[in-house]
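Here is the structure we will look at, set down as structure tokens.
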Amino acid sequence: MSQELKQEERELIKLVGFFKKKAEQWSAETEMPEEFKQLVETCDKLVVQINIHAESREIILSEREMLKKLVKDNAQCPRCNKNENLKLIGTEKNEKGWQSNKYKCRKCNITFVWNAPNNPWDMIPYVESVVAEIEKKAEAENLDEASKQHYMDSIAQMKGNLEKLKPVVENSAIDLANLELRDKEMADMVHKFKKHLMIEKIKLED
Numbered sequence: 004m005s006q007e008l009k010q011e012e013r014e015l016i017k018l019v020g021f022f023k024k025k026a027e028q029w030s031a032e033t034e035m036p037e038e039f040k041q042l043v044e045t046c047d048k049l050v051v052q053i054n055i056h057a058e059s060r061e062i063i064l065s066e067r068e069m070l071k072k073l074v075k076d077n078a079q080c081p082r083c084n085k086n087e088n089l090k091l092i093g094t095e096k097n098e099k100g101w102q103s104n105k106y107k108c109r110k111c112n113i114t115f116v117w118n119a120p121n122n123p124w125d126m127i128p129y130v131e132s133v134v135a136e137i138e139k140k141a142e143a144e145n146l147d148e149a150s151k152q153h154y155m156d157s158i159a160q161m162k163g164n165l166e167k168l169k170p171v172v173e174n175s176a177i178d179l180a181n182l183e184l185r186d187k188e189m190a191d192m193v194h195k196f197k198k199h200l201m202i203e204k205i206k207l208e209d
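Heads up, the sequence shown is in the numbering used here, so the first residue is 4 and it goes up one at a time.
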């Protein structure tokens, strides 16, 4: 049985197993009633649907987990400016709701929250805000050409990274929304059909 299945999906598939065994017994002993044959066929089709959906759910959620790990911190202790002795101890959100990693420097014995988000969803607005700040600096009248060019190069690089990241994050959000909708539909169908099978099982056992 697939590891990606939810509890009620597992319970339904076990119930289907009971009916399939009953069908095998009937086939060996006598002719199977047409109504029961149709029930078993419906069960088979539903199990296929459940397994396909479970695999799809696992793929989408795995991709989300991979996406979470896309952002890598280059955190350094603000006191010793090194990262060798850092230990990740948690996360914290700032006033904008952006989540960042919280570290402890074992050398300096201090804790601090890194100044950048730890996930792509918060990284997009963060980088956009950084780009806006750099653009303001680049427009300063007293800026020499070399510094201005440096700012413009940084802006171009960050905008290029955003153009690559945004579609990935947007597609992931669409996939997740579709999955949640399909999950609800599947959960309702599984619940109703499981109830129906339990009633049929009681009838057979009486």
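Backbone N, C-alpha and C fix where the C-beta goes; we use that ideal spot for every residue, glycine too. If you're wondering where the values come from, they're calculated on a predicted model, not measured in any experiment.
Subject >> Proximity winner among Val-134, Ile-205, Glu-14, Ile-177, relative to Gly-163 (alpha-carbon distances) >> reply: Scanning Val-134, Ile-205, Glu-14, Ile-177 for the CA closest to the CA of Gly-163 turns up Val-134.
Subject >> Alpha-carbon spacing of Pro-170 relative to Val-130, whole angstroms >> reply: Each residue's alpha carbon lies about 15 Å from the other.
**OP:** Alpha carbon to alpha carbon, how far is Leu-89 from Cys-80? Give it in angstroms, no decimals.
**Re:** The C-alpha of Cys-80 lies about 7 Å from the C-alpha of Leu-89.
Subject >> Inter-residue Cα distance where the pair is Ser-103 and Leu-8 >> reply: Cα to Cα, Ser-103 sits roughly 32 Å from Leu-8.
**OP:** Can you tell me the Cβ-Cβ gap for Leu-168 and Ile-127, rounded? I've got them flagged as a contact below 8 Å.
**Re:** That pair is a contact at about 6 Å.
**OP:** To the nearest angstrom, report how far apart Trp-29 and Ser-59 are at their CA atoms.
**Re:** Taking the straight line from one Cα to the other gives about 35 Å.
Original post:
What residues are listed by DSSP as bridge partners for Gln-160?
Top reply: For Gln-160, which the question treats as bridged, DSSP gives no partner whatsoever.
**OP:** Look at the alpha carbon of Thr-2 and the alpha carbon of Ile-16, and state the distance between them as a whole number of angstroms.
**Re:** Absent from the structure is residue 2, since the part of the chain shown begins at 4 and ends at 209.
Original post:
For Pro-120, is the classification buried or exposed, using 16 other Cβ atoms within 10 angstroms of its Cβ as the cut-off for buried?
Top reply: That one is buried.
Subject >> Member of Asn-118, Glu-173, Glu-208 whose CA lies at the smallest distance from the CA of Lys-99 >> reply: Restricting attention to Asn-118, Glu-173, Glu-208, the CA atom closest to the CA of Lys-99 is found in Asn-118.
Original post:
Starting from Gln-102 and walking both ways along the alpha helix (DSSP H), at which residues does that stretch end?
Top reply: Counting along the chain, Gln-102 falls outside any alpha helix (DSSP H), though it belongs to the beta strand (DSSP E) covering 102–108.
Original post:
Is Glu-95 helix, strand or coil by DSSP?
Top reply: Here Glu-95 sits in strand by DSSP.
Original post:
Using 8 Å as the Cβ pair cut-off and three pairs as the minimum, do the segment 32–51 and the segment 70–78 touch?
Top reply: Contact between the segment 32–51 and the segment 70–78 is absent, with fewer than three C-beta pairs closer than 8 Å.
Subject >> DSSP beta-bridge partners of Lys-90 >> reply: As DSSP reads the structure, Lys-90 sits in a beta bridge with Lys-107.
Original post:
Excluding sequence positions up to five away, which residues of its chain have a Cβ less than 6 Å from the Cβ of Asp-178?
Top reply: Cβ neighbours of Asp-178 beyond the five flanking positions: Ile-63.
**OP:** Output the distance between the C-alpha atoms of Lys-151 and Asn-97, rounded to the nearest integer angstrom.
**Re:** Approximately 31 Å, taken between the alpha carbons.
Original post:
Where Asp-125 and Arg-82 are concerned, what is the direct C-alpha to C-alpha distance, given to the nearest angstrom?
Top reply: Approximately 26 Å between the Cα atoms of the pair.
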